[in-house]
Amino acid sequence: MEQRNYYSILIIFVSLLYLPLFMNATLVHHNESETEDEVKFDYNEKSEKGPSKWGDLNKKWKTCKNGKMQSPIDISSCRVKNMRKMGHIKQYKPTNSTIRNRGHDISMHWHGDAGSILMNDTNYPLIQIHWHSPSEHTINGRRYALELHMVHQEQVNKKTVVNAVLYKFGKPDPFIFILRAHILSMIDQEGEERSLGIINPKYITNNIHKESYYEYKGSLTIPPCTEGVTWIVNKKVETVSRFQVKLLRKAVHDHAERNARPLQPNNNREIQLLFSKH
Numbered sequence: 118m119e120q121r122n123y124y125s126i127l128i129i130f131v132s133l134l135y136l137p138l139f140m141n142a143t144l145v146h147h148n149e150s151e152t153e154d155e156v157k158f159d160y161n162e163k164s165e166k167g168p169s170k171w172g173d174l175n176k177k178w179k180t181c182k183n184g185k186m187q188s189p190i191d192i193s194s195c196r197v198k199n200m201r202k203m204g205h206i207k208q209y210k211p212t213n214s215t216i217r218n219r220g221h222d223i224s225m226h227w228h229g230d231a232g233s234i235l236m237n238d239t240n241y242p243l244i245q246i247h248w249h250s251p252s253e254h255t256i257n258g259r260r261y262a263l264e265l266h267m268v269h270q271e272q273v274n275k276k277t278v279v280n281a282v283l284y285k286f287g288k289p290d291p292f293i294f295i296l297r298a299h300i301l302s303m304i305d306q307e308g309e310e311r312s313l314g315i316i317n318p319k320y321i322t323n324n325i326h327k328e329s330y331y332e333y334k335g336s337l338t339i340p341p342c343t344e345g346v347t348w349i350v351n352k353k354v355e356t357v358s359r360f361q362v363k364l365l366r367k368a369v370h371d372h373a374e375r376n377a378r379p380l381q382p383n384n385n386r387e388i389q390l391l392f393s394k395h
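Quick note on our numbering: the sequence shown kicks off at 118 and runs consecutively.
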């Protein structure tokens, strides 16, 4: 209890310290109709809206219960089938962005052309990023402190590619560091969205090691759990500070402070290890 009070006081102190930055942030008002009919879900397995019940909450979410290619999974070295050169290229560029408290996570969205990832001659534009804590994917059974998802989606068939980055406790993450004031300003404020101005996604990837990735076919890790998603999970684990993880947890609803979906069956899916061409 004393430790929890300590972090609450620390967050309030930092909030006051960066109050001028909050006042300069532009508030973006959401269209309430977007979430009016939304069925809420949570991450508490003892709840009627927990992960094992997602498929029963909405008929559009039945894949969460019946899907055979669900994510996340444990990436076990013994399941890696083959190795090849990486077949994708990231081409990001700066454009307007916002940060949003979605209740179940903190997300960042780009409005305009933020660039894309090129895979198999198809461009998948970057749409948004968000964080899960602890990590959703595990490596050889080990779960990490945090997981970043960079969500890309092509516009014709709505196919999705998600680049996942895992983090262990250590040095602060530079990108979360520059967002800290904005995250502090929207603690427990679901639906709050603020303008960040022009942000280049390269700032995220420049601080991430990109030598090798795991690739497999899976699904979205939140409802509606749509399958057909290509997952690219960085092999190299990055670092994040304990305060940064606590900040991301503090900002969302209590039931989403640990917003990681449980591991899903592998069902003999192939996992490939890709090496960078550069």
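Cβ atoms here follow ideal geometry from the backbone N, Cα and C, with glycine treated the same way.
| query | result |
| --- | --- |
| For Y355, collect the residues of the same chain with a Cβ closer than 8 angstroms to its Cβ; drop the 5 residues on either side in sequence, then sort them by chain order. | The identity of residue 355 in the sequence shown is Glu, whereas the question assumes Tyr. Once the five neighbours on either side are set aside, the close Cβ partners of E355 are V282, L283, Y284, K285, D290, N324, I325, H326. |
| Quick check for students: name the residue ranges of the beta strand (DSSP E) that lie wholly in the region 225-260, counting only runs of 3 or more. | 232-236, 239-249 |
| Between G258 and L365, what straight-line distance do the alpha-carbon atoms span, to the nearest angstrom? | 24 angstroms |
| Would G229 and Y209 qualify as a contact pair, given that the criterion is a beta-carbon distance under 9 angstroms? | no |
| Please return the same chain residues whose Cβ sits closer than 7 angstroms to the Cβ of V350, not counting the five positions on each side in sequence. | I192, H254, A281, Y330, Y331 |
| Within this structure, are the beta carbons of I409 and K207 separated by less than 9 angstroms? | Within the shown structure, residues of the chain are numbered from 118 to 395, placing residue 409 beyond reach of any answer. |
| Below 8 angstroms on the Cβ atoms is my contact criterion, and I expect M225 with I246 to pass it. Report the Cβ-Cβ distance as a whole number of Å. | 5 angstroms |
| What first and last residue would you give for the beta strand (DSSP E) that runs through T390? | The amino acid occupying residue 390 in the given sequence is Leu; Thr does not appear at that position. Counting along the chain, the beta strand (DSSP E) containing L390 begins and ends at 388-392. |
| Give the straight-line distance between the Cα atoms of E271 and M236, rounded to the nearest whole angstrom. | 11 angstroms |
| From this set, T277, K177, T215, which residue's C-alpha is nearest Y333's C-alpha? | T277 |
| Which residue marks the beginning of the beta strand (DSSP E) containing Y333, and which one marks its end? | 329-336 |
| Compute the Euclidean distance between the alpha carbons of K163 and Y320, then round it to the nearest angstrom. | 39 angstroms |
| Could you check the C-alpha separation between L313 and R219 for me, to the nearest Å? | 16 angstroms |
| Cβ of W248 within 9 angstroms of Cβ of H269? | no |
| What separation, rounded to the nearest whole angstrom, lies between the Cα atoms of Q187 and N175? | 17 angstroms |
| Give the straight-line distance between the Cα atoms of Y123 and C181, rounded to the nearest whole angstrom. | Note on Y123: pLDDT 43, under 50, position unreliable in the model; the coordinate value appears next. Distance between the alpha carbons of Y123 and C181 is about 38 angstroms. |
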